[in-house]
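Scroll down for the structure; my scribbles are underneath it.
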Amino acid sequence: MPGEIILGIDPGSRATGYGIVLWKDSRLHFVNAGIIRPRTELTFAERLERLYSGLKEVIGRHNPTVSAVEGVFHSVNAKAALLLGHA
């Protein structure tokens, strides 16, 4: 069996991190990791589009079979929590 390619995503509206690992022969093997960081002067909508495009490129390059997104956090600042929900 070729193994599972796993994509992990740490979402954020200013930067989104990702990691790719391969689960094969009961072991994890590092494949790639990076940060998608749109320019700060872009509008919120433009940053989201860049994050989407960047993740789409990562997915196209590595063809993950499984993905996981970091869990939701609780925030005292409701606006910050809503913005992160968009990402």
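Residue numbers are given in the numbering used here: position 51 of the sequence shown equals residue 51, and the series is strictly consecutive. Cβ atoms here follow ideal geometry from the backbone N, Cα and C, with glycine treated the same way.
message = Excluding the 5 residues flanking Val21 on each side, which residues of the same chain have their C-beta closer than 7 Å to its C-beta?
response = The residues are Ile6, Leu28, His29, Phe30 and Val31.
ask   = Is Val69 near Pro11, with beta carbons less than 9 Å apart?
value = yes
key: Where the alpha helix (DSSP H) containing Leu42 begins and where it ends   = Segment: none, Leu42 is in no alpha helix (DSSP H) and carries neither H nor E.
Spatial distance of Asp25 from Thr65 (CA atoms) = 16 Å
key: Whole-angstrom distance between Gly19 and Pro38, CA atom to CA atom   = Roughly 18 Å separates the two Cα atoms.
Cβ neighbours of Ile9 in the same chain (closer than 6 Å, five flanking residues each side left out) = Tyr18 and Val69
Buried versus exposed, by CB contacts within 10 Å (16 or more), Leu42 = exposed
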